[in-house]
Amino acid sequence: QIAGSEQNKTVIGLENISQEMSLLYDSVDIAQQARILVNTVNNTDSLRNAAILIKQLYKKGDLDALLKNGAQETAMGALSDEEVKKYIESQNNEWMKKLPDMMKNNTCFIAIGALHLAGENGIISQLSNAGFKVKPYKSK
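Going letter by letter, the sequence shown gives residues 451 to 590 in this note's numbering.
See below:
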């Protein structure tokens, strides 16, 4: 966001924090929310390591491994693989309601979490299937 603003680019959010929290927490009961919170507090080192793994897999361009390992590592047992997949796909589907119109007449740089990229319901696949040219950004 900062880099885009510094280059006088328009920066637009795909969702706000209320929408993200609603998507995550409205779909699980209070007991599950408590497990997620406790799990997060008790596993900060493991979650940090999961973030490092996700970053490494992303930099290697290994989206299959990212999809296979990323959700499992991030959830750390607080959510099932299916729940993580459902959450990610729900966000992707919501974003796909907005992205095509945003991209119709403009070249766009879209920054999203790495787990949203991979798979048949990932943003890359959905945008490609919608006829858009998608290419990775190579940081310097």
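All C-beta atoms in this analysis are idealised placements derived from N, C-alpha and C, irrespective of residue type, glycine included. A quick note: this is a predicted structure, and the numbers were derived from the prediction, not measured.
message: Can you tell me whether E539 is helix, strand or coil according to DSSP?
response: On the sequence shown, residue 539 is found 89 positions in, with the first residue counted as 1. Of the three classes helix, strand and coil, the one that applies to E539 here is helix, per DSSP.
message: Alpha carbons only, please: which of N458, D479 and G511 is nearest the one belonging to K588?
response: Here residue 588 refers to the residue found at position 138 when the sequence shown is read from its first residue. Taking only the C-alpha atoms, the option nearest K588 is G511.
message: On the CB-based measure, 16 or more other CB atoms within 10 Å of its CB, does Q506 come out buried or exposed?
response: Taking the first residue of the sequence shown as 1, we reach residue 506 at position 56. Note on Q506: under 16 other CB atoms within 10 angstroms of its CB, so exposed under the neighbour-count rule.
task: Determine the closest residue to D479 out of T494, N499 and E533, with distance taken between C-alpha atoms.
output: As a working note, residue 479 is residue 29 in the sequence shown. Considering only alpha carbons, the answer is E533.
message: My output table needs one value for G581: the three-state DSSP class, helix, strand or coil.
response: Counting from 1 along the sequence shown, the entry for residue 581 is found at position 131. Coil at G581, not helix or strand.
task: Would you mind reading off the limits of the alpha helix (DSSP H) that contains A511?
output: Translated into positions along the sequence shown, residue 511 becomes position 61. A quick correction: the sequence has Gly, not Ala, at residue 511. Per DSSP, G511 belongs to no alpha helix (DSSP H) and is neither H nor E.
- prompt: Exposed or buried, which one is Y475 when buried takes at least 16 other CB atoms within 10 Å?
  reply: As a first step, residue 475 must be located in the sequence shown, where it is residue number 25. Y475 comes out exposed.
query: Does the region 493-501 come within contact of the region 542-556, defined as at least 3 CB pairs closer than 8 Å?
result: no
message: Distance check for N489 and A515, CA to CA, integer angstroms please.
response: Locating residue 515 in the sequence shown gives position 65, where the first residue counts as 1. Locating residue 489 in the sequence shown gives position 39, where the first residue counts as 1. Those two C-alpha atoms are separated by around 24 Å.
query: According to the neighbour-count rule (16 or more other Cβ atoms, all chains shown, within 10 Å of its Cβ), is G569 buried or exposed?
result: The count along the sequence shown starts at 1 and reaches residue 569 at position 119. Buried, since its Cβ has 16 or more Cβ neighbours within 10 Å.
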